[in-house]
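Everything on this sheet refers to the single structure shown next.
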Amino acid sequence: MELRHLRNFVVLAEELHFARAASRLGIEQSPLSRAIRDLEIDIRVRLFARTRRSTNLTPAGEAFLSTARRILADADAAVREMRAHGAGPTIRLGVAEGTGGSGLTRFIDAMANIESGFKLSILERPLRDLIALAAGEALDGLLTAERPVTSLLVSISAWEDSFELISPLHVGHRKLADLRGSALILPDPQAMPGLSLQVREILRVGNIQHDVVGLFSTAPTLARMVEASIGAGLLPDGLAPSEPRVAVHRLPLRQARYSVWLATRNGDRANPRRQTLVRAAETVQRDGGK
39 MELRHLRNFV
49 VLAEELHFAR
59 AASRLGIEQS
69 PLSRAIRDLE
79 IDIRVRLFAR
89 TRRSTNLTPA
99 GEAFLSTARR
109 ILADADAAVR
119 EMRAHGAGPT
129 IRLGVAEGTG
139 GSGLTRFIDA
149 MANIESGFKL
159 SILERPLRDL
169 IALAAGEALD
179 GLLTAERPVT
189 SLLVSISAWE
199 DSFELISPLH
209 VGHRKLADLR
219 GSALILPDPQ
229 AMPGLSLQVR
239 EILRVGNIQH
249 DVVGLFSTAP
259 TLARMVEASI
269 GAGLLPDGLA
279 PSEPRVAVHR
289 LPLRQARYSV
299 WLATRNGDRA
309 NPRRQTLVRA
319 AETVQRDGGK
């Protein structure tokens with residue numbers, strides 16, 4: 039998904055007429071039609087209902103329009119920020135859901151030791167938005183708990199963390215096997231897709247049969263639900279709560295390992311800002327993630 043495809047989509051969504059949209063974009067109708075088709079193939083959603091006499095947005099197209107406008111606004115803001123700080127390097131970093139906490143702090147500290155005097159611009163968005171921004175050169179890189187599957191980006195390991203087992207005080211689970219048959223609160227796959235995939239894989243590999251009693255989209259939400267004895271859950275070490283109202287026990291890495299990746303544009307290896315991000319990831323990995 040490229041930014042030009044999103045711009046073409048937004049203009050066509052506003053005009054609902056290929057000839058007028060092509061004229062407004064300063065291109066022919068054929069490349070506009072191809073761009074819309076490529077976008078629909080890329081996101082696997084039909085955006086327009088087309089006949090010989092009319093062009094209209096599908097319900098999915100209407101929903102995607104606000105997302106596309108937000109991505110374009112973020113890209114424009116990133117460009118303005120770069121121009122405003124033209125005198126010094128600005129590293130534009132995207133952060134997907136579930137990649138904050140102490141791991142992000144270690145990563146930023148490593149960047150500071152590698153490149154002094156840079157300005158850091160961080161944008162937190164869903165992974166789909168960040169991929170489009172990085173591919174369109176509005177971001178220098180992005181951190182994600184779900185390895186991007188796209189030829190537009192290349193990814194390397196950024197850091198790994200232990201998982202923490204969060205349970206009610208009166209239960210006090212200490213190891214992964216204690217969760218067998220338990221009521222579990224899992225990451226919402228819509229809000230935290232990368233973390234959700236990793237937690238479900240840990241439970242599958244560990245053969246942990248369980249009942250799902252709730253979903254959470256933030257670490258504080260999980261803490262409150264566990265405190266209310268609704269169930270237990272798993273969080274990466276950097277995101278786990280440090281409070282006396284729930285029981286928190288770190289799991290061995292051999293049982294549960296949380297992985298975060300750094301993704302950068304394919305073919306952008308000479309970019310010094312990208313090199314700083316890659317060296318920071320290598321430094322955190324070399325130091326054992328701690």
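All you need for my numbering is the position in the sequence shown, starting with 1, plus 38. No residue lacks a Cβ here, since even glycine has one placed at the ideal position from N, Cα and C.
Residue environment: residue 100 is assigned as exposed (fewer than 16 neighbouring CB atoms within 10 Å of its CB, all protein chains considered). Taking residue 294 as reference, the option from 303, 285, 212 and 257 with the minimal CA-CA separation is 212.
Separation of the CB atoms of residue 300 and residue 150 is rounded to 16 Å, and the pair is thereby denied contact status at 8 Å. Assignment of residue 184 by DSSP, reduced to helix, strand and coil, places it in the coil class. Between the alpha carbons of residue 191 and residue 319 lies a distance of about 16 Å. Within the same chain, 224, 225 and 272 come within 7 Å of residue 237 by CB-CB distance, once the 5 residues on both sides are set aside. Under the DSSP assignment, residue 156 falls outside any alpha helix (DSSP H); it carries neither an H nor an E label.
Boundaries cannot be given for residue 212, as no alpha helix (DSSP H) includes it and DSSP labels it neither H nor E. The Cβ atoms of residue 132 and residue 173 do not sit closer than 8 Å to each other. Note on geometry: alpha-carbon atoms of residue 282 and residue 303 lie some 43 Å from one another.
When secondary structure is reduced to three states using DSSP, residue 251 falls in the strand class.
The count of Cβ pairs closer than 8 Å, one atom from the segment 74-86 and one from the segment 40-60, reaches three, so the stretches are in contact.
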